[in-house]
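As structure tokens, the structure follows; a few thoughts come after it.
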Ligand SMILES: N[C@@H](CCC(=O)N[C@@H](CS)C(=O)NCC(=O)O)C(=O)O
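Shown next as structure tokens:
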């Protein structure tokens, strides 16, 4: 039995749940983090020393770090397109997955999403946000170029790399920021948004996170 610990509004939880649903996995989710608390209890710290979400409990085994958990599940349940068995083919997916995590998700979540949607309007630093958006868009432009010639990051079908990039894009296109013209990226997001698993796990209201700072 698979249990995911983490609130539905966490972008990392969303990536994990989306990946799991695309792999056809069923799970139970336990709310914790932010308003739900629960990350400092001895029981939670016994599952992860970091007190962060998501945590996956697979039977009695706890796993943490979203990317590592996704790779673990993909190794067990992903098909040969989503997570290839051949090491080189898998590395070609993994390179984009890794890039999406450090170059896009990390550059977007704190520097852009937190500083805009999560920050009260009167506390926002428009110049800093614009500079941070520009930095993310320098990276997103690379995906835009690739996606001009194919439907997904690594070809014509969804892979684990799309999970790591795509889960960020709902908020990127939804929040109130000036955006660069990235037509292939926009079309890609529109394509993801037709996927029921993406709708259920990523296109989730983040109203509970607004104006926290
Ligand atoms: N590198 C970790 C980051 C985990 C992380 O920072 N999770 C955030 C939510 S996205 C968290 O635990 N926040 C505290 C909270 O929700 O209370 C991962 O990818 O799993």
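In the numbering used here, the protein residues as written are 6 to 218. Built from N, CA and C at the ideal position, the CB exists for glycine as well. Values in this document were obtained by computation on a predicted structure and should not be read as measured data.
Look at residue 34 here: in three-state DSSP terms it is strand.
A buried status is given to residue 142, since no fewer than 16 other beta-carbon atoms sit within 10 Å of its beta-carbon. In this structure the region 78-92 does not touch the region 133-149; the number of beta carbon pairs closer than 8 Å is below three. Going by C-alpha positions, residue 101 is about 14 Å away from residue 111.
Residue nearest to residue 28 within the set 94, 11, 167 is 167 (criterion: CA-CA distance). DSSP, read as helix, strand or coil, puts residue 44 in coil.
Around the CB of residue 19, 16 or more other CB atoms lie within 10 Å, so the residue is classed as buried.
In this structure, residue 17 has its beta carbon less than 7 Å from a heavy atom of ligand 1. Beta-carbon to beta-carbon, residue 193 and residue 152 are separated by about 5 Å, close enough to satisfy the 8 Å threshold. Restricting attention to alpha helix (DSSP H) runs no shorter than 4 residues, the region 83-145 encloses them at 92-104, ordered along the chain. Here DSSP, grouped into helix, strand and coil, assigns residue 156 to coil. Judged by pairs of C-beta atoms under 8 Å, the region 177-187 does not touch the region 29-49, as fewer than three such pairs exist. For residue 193, the uninterrupted alpha helix (DSSP H) run begins and ends at 188-197, by DSSP. In this structure residue 38 is in contact with residue 58, their Cβ atoms being roughly 5 Å apart against a cut-off of 8 Å.
Cα atoms of residue 138 and residue 16: separation of roughly 18 Å, rounded to the nearest angstrom.
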